[in-house]
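Asker: After the structure tokens below, expect a handful of questions from me.
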Amino acid sequence: MKKLLALSGAALLSVVAAAYAQQKAAVDPAKVDATVNAAFPAAPSDWAPRLTPDETMRQCSQTRNKPDKKTADAIEKREKAAIEYPADGNFIGDWKKGEALAQNGYGLRFSDYPPRRTTGGNCYACHQLTKKEVSYGTLGPSLLEYGKLRDYKPAAVKAAYEKIYNSHAALACSNMPRFGANKILTIDQIKDAVALLMSPDSPVNKGQ
0 MKKLLALSGA ALLSVVAAAY AQQKAAVDPA KVDATVNAAF PAAPSDWAPR
50 LTPDETMRQC SQTRNKPDKK TADAIEKREK AAIEYPADGN FIGDWKKGEA
100 LAQNGYGLRF SDYPPRRTTG GNCYACHQLT KKEVSYGTLG PSLLEYGKLR
150 DYKPAAVKAA YEKIYNSHAA LACSNMPRFG ANKILTIDQI KDAVALLMSP
200 DSPVNKGQ
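Below, the structure written as structure tokens:
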């Protein structure tokens, strides 16, 4: 029996080792790109940017979202330099519109093409924002009292705008979408989302 268990254990280790080796095997990026493009032969021409990874996404994919410090610093520097700021210098919009935006999951799905209404932020899919809304995801951290915990400081307001516009500017290879950089949301929509997080009157900060 002991011999049988030993043989079974050795066989299991061999399978695990083989599987691990396959996961670590080098993948030709050109083959991956070709496979992805072949999967969408009838895709509209304006989808091309979504099927072609930029330098940041290539680096994140190659490092499995765990870039070394040098690469991470380069990503954050590059992405921050590309952020477009509001022309009026005001980062806060209307928190009520921001709440509607956070609840809106429309956009960028097959069923949403061609677009028939404004794309939403779908913020509740990943974050808790208010106590009233009990349906929320946990992929991202809770944002309850986000502005209150930061004393509503102007620097925190600007940082929130930058994070929403381009999350990779704050954390390289973040799981959060680059809402502004990828034209998912407009600058005005991002300002409304910032208001939801940073306005003292927002339910996010009133604990509602």
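With numbering that gives the first Met the number 0, the residue at position 185 of the sequence shown is 184, and numbering never jumps.
Note that CB positions come from ideal geometry on N, CA and C, so glycine has one too.
Could you check where the alpha helix (DSSP H) with Leu50 kicks off and where it finishes?
Answerer: As a working mapping, residue 50 is identified with position 51 in the sequence shown. From DSSP, the alpha helix (DSSP H) with Leu50 extends over 47-50.
Asker: Look at the alpha carbon of Cys59 and the alpha carbon of Ser201, and state the distance between them as a whole number of angstroms.
Answerer: Position 60 of the sequence shown, counted from the start, is the residue given in the question as residue 59. Position 202 of the sequence shown, counted from the start, is the residue given in the question as residue 201. Each residue's Cα considered, the two are about 35 Å apart.
Asker: Between the alpha carbons of Leu50 and Tyr123, how many angstroms are there, rounded?
Answerer: Within the sequence shown, residue 50 is the residue found at index 51, counting from 1. Within the sequence shown, residue 123 is the residue found at index 124, counting from 1. CA-CA distance, Leu50 to Tyr123, rounds to 26 Å.
Asker: Comparing the C-beta of Ala169 with each C-beta of chain D, is any distance below 8 Å?
Answerer: Within the model displayed, chain D is absent; a lone protein chain is all it includes.
Asker: Would you check if the distance between the CB atom of Val203 and the CB atom of Leu128 is smaller than 8 Å?
Answerer: As a working mapping, residue 203 is identified with position 204 in the sequence shown. As a working mapping, residue 128 is identified with position 129 in the sequence shown. Annotated as proximal: Val203 and Leu128, with beta-carbon spacing under 8 Å.
Asker: Could you check where the alpha helix (DSSP H) with Ile163 kicks off and where it finishes?
Answerer: Here the question's residue 163 lines up with position 164 in the sequence shown. Note, Ile163: alpha helix (DSSP H), 153-164.
Asker: Buried or exposed for Phe90, please, with buried defined as at least 16 other CB atoms from any protein chain shown within 10 angstroms of its CB.
Answerer: Translated into the one-based positions of the sequence shown, residue 90 becomes position 91. Counting Cβ neighbours within 10 Å, Phe90 comes out buried, since at least 16 surround it.
Asker: Apart from the five residues on each side of it in sequence, which residues of its chain come closer than 7 Å, Cβ to Cβ, to Val156?
Answerer: Along the sequence shown, one-based indexing puts residue 156 at 157. Cβ neighbours of Val156 beyond the five flanking positions: Phe90, Ile91, Val193, Met197.
Asker: In whole angstroms, give me the CA-to-CA distance for Ser166 and Glu144.
Answerer: As a working mapping, residue 166 is identified with position 167 in the sequence shown. As a working mapping, residue 144 is identified with position 145 in the sequence shown. Cα to Cα, Ser166 sits roughly 20 Å from Glu144.
Asker: Return the CA-CA distance between Gly104 and Ile183, expressed in angstroms with no decimal places.
Answerer: Along the sequence shown, one-based indexing puts residue 104 at 105. Along the sequence shown, one-based indexing puts residue 183 at 184. About 12 Å.
Asker: Short of 8 Å in beta carbon distance, which residues of its chain neighbour Gly206, apart from the five on each side in sequence? Order them along the chain.
Answerer: The residue labelled residue 206 in the question sits at position 207 within the sequence shown. Close CB contacts of Gly206 within its chain, under the 8 Å cut and outside five residues either way in sequence, are with Lys130, Leu143, Glu144 (chain order).
Asker: If we call anything under 8 Å between Cβ atoms a contact, is Gly97 one with Asp191?
Answerer: Here residue 97 refers to the residue found at position 98 when the sequence shown is read from its first residue. Here residue 191 refers to the residue found at position 192 when the sequence shown is read from its first residue. A distance below 8 Å separates the beta carbons of Gly97 and Asp191.
Asker: Comparing C-alpha positions only, which one of Pro113, Ile189, Val26, Asp67 sits nearest to Phe178?
Answerer: Numbered from its first residue, the sequence shown carries residue 178 at position 179. For the set Pro113, Ile189, Val26, Asp67, the Cα lying nearest the Cα of Phe178 is the one of Ile189.
Asker: Taking 7 Å as the limit between beta carbons, can you name the residues of its chain near Leu6, skipping five residues before and five after?
Answerer: Here residue 6 corresponds to residue number 7 of the sequence shown, with the count starting at 1. Because Leu6 sits at a pLDDT of 42, beneath the cut-off of 50, its placement in the model cannot be relied upon, and the following sentence gives the value as read from the coordinates. The answer is none, since no qualifying residue turns up.
Asker: Would you call the CB atoms of Asn64 and Cys172 closer than 8 Å?
Answerer: If you number the sequence shown from 1, residue 64 lands on position 65. If you number the sequence shown from 1, residue 172 lands on position 173. Contact: yes.
Asker: Beta-carbon within less than 8 Å of Thr70's beta-carbon, same chain only, minus the 5 sequence neighbours each way: which residues are those?
Answerer: As a working mapping, residue 70 is identified with position 71 in the sequence shown. Cβ-Cβ distances below 8 Å link Thr70 to Gln58, Thr62, Ala171 in the same chain, with the five nearest sequence neighbours on each side left out; the list follows chain order.
Asker: What does the alpha-carbon distance come out to for the pair Thr117 and Leu100?
Answerer: Counting from 1 along the sequence shown, the entry for residue 117 is found at position 118. Counting from 1 along the sequence shown, the entry for residue 100 is found at position 101. Those two C-alpha atoms are separated by around 9 Å.
Asker: For Glu83, which residues from the same chain have a beta carbon less than 8 Å from its beta carbon, with the 5 sequence-adjacent residues on both sides left out?
Answerer: As a first step, residue 83 must be located in the sequence shown, where it is residue number 84. Result list for Glu83: Tyr164, Gly179, Ile186, in chain order.
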